[in-house]
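In case it helps, mature numbering (1 follows the signal peptide of the UniProt record, and there is no 0) puts the sequence shown at residues -20 to -1, 1 to 250.
Cβ coordinates follow ideal geometry from the N, Cα and C atoms, glycine included.
Below is one structure; the comments refer to it alone.
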Amino acid sequence: MKKILPILFMTIGLSLSAQIGIKTESPKAKLDVNGDTNLRGKIAVLNTTDNSLFEGNNSQVLVSQGDGKPPVWKALRIPEYEANQYYLIFNNSFSDNTGVKFTAAEESTITSRAATFTKGTAYSNFSRFKKITALSQPINVYSTQSKTYFQFETVVQANFPGAGNTDTSIDYACGIFVDDKLVNLRQRNLKASTSDNTFITHNQIGIIENLSKGQHTVSVACSRLKSYNTDNITLGIGINVATNIDSFITQSSLKVDVYEVPEVFNTITN
């Protein structure tokens, strides 16, 4: 009887109390345990839809939904990475259909291409280069060990007259820049042909290694370098200058892939 009465009184006291504290006289929740907790049974979360108790599935964890909301069961997925191996961490593609145009008066004043077109040269040193607006975009790098690949594609056109002299042509160049520093550059020549308004497809691939961690800006800029036997001819890069093609056909695209040796592992829940 002596043992039963204290237990009975404690049970009555707990049932009347709004908060229960174990090893604390000032509980801060309905149940406040000041010490280690060893669970030997089930943990369940109330499903407010049908008032049922859900114990979760194998390997799920309880995840908070924020203040005042009940926790939910979530599956925790951690990607498996091998040491010193590169993985595709960031990839995106961008497009532009406004392009850039150059008249004969807008030729670059660059006279020594070999000296100027050097990797790492600042964009400000490239005379009369124009950026293709929508291809200037941010990219993210999360590791000190990375390889970033760029694939640029566009259409170049000049409004050459039909049956033109094949010596009639225009030199042009396009560069890929990261943070306004040259990463890759390609020069080509567009020649007149027996048909008017000649156009060609321009493809360009660049790579840069070990960008610093953080956000960077990638951009593409092009220029008209030199004209041969041309008068009043307009050059369009990423934009049509005649009606035999349109801006849909000439639009530019830039694909960016960042491969990294992971240093930060972000877990994913679903």
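In terms of CA proximity to residue 233, 76 leads the group 76, 101 and 37.
The secondary-structure analysis by DSSP pairs residue 189 across a beta bridge with 127. Look at residue 115 here: in three-state DSSP terms it is helix. Put simply, the region 109 to 123 does not touch the region 175 to 182. Fewer than three CB pairs are less than 8 Å apart.
Residue 123 holds the alpha-carbon nearest to the alpha-carbon of residue 191 among 123, 14 and 27. In the three-state reduction of the DSSP assignment, residue 86 falls in the helix class, which pools H, G and I. Inter-segment contact for the region 101 to 109 and the region 124 to 137 is absent: fewer than three beta-carbon pairs are separated by less than 8 Å.
Secondary structure at residue 228: helix, using DSSP grouped into helix, strand and coil.
Taking C-beta atoms under 8 Å as the contact rule, residue 86 and residue 204 qualify, at a distance of about 6 Å. Residue pairing by DSSP leaves residue 205 without any beta bridge partner. For residue 171, the uninterrupted beta strand (DSSP E) segment begins and ends at 161 to 171.
For residue -1, the enclosing beta strand (DSSP E) covers residues -1 to 2. When the Cα atoms are used, residue 150 and residue 206 turn out to be separated by approximately 6 Å. Beta-bridge annotation (DSSP): residue 35 is not paired with any residue.
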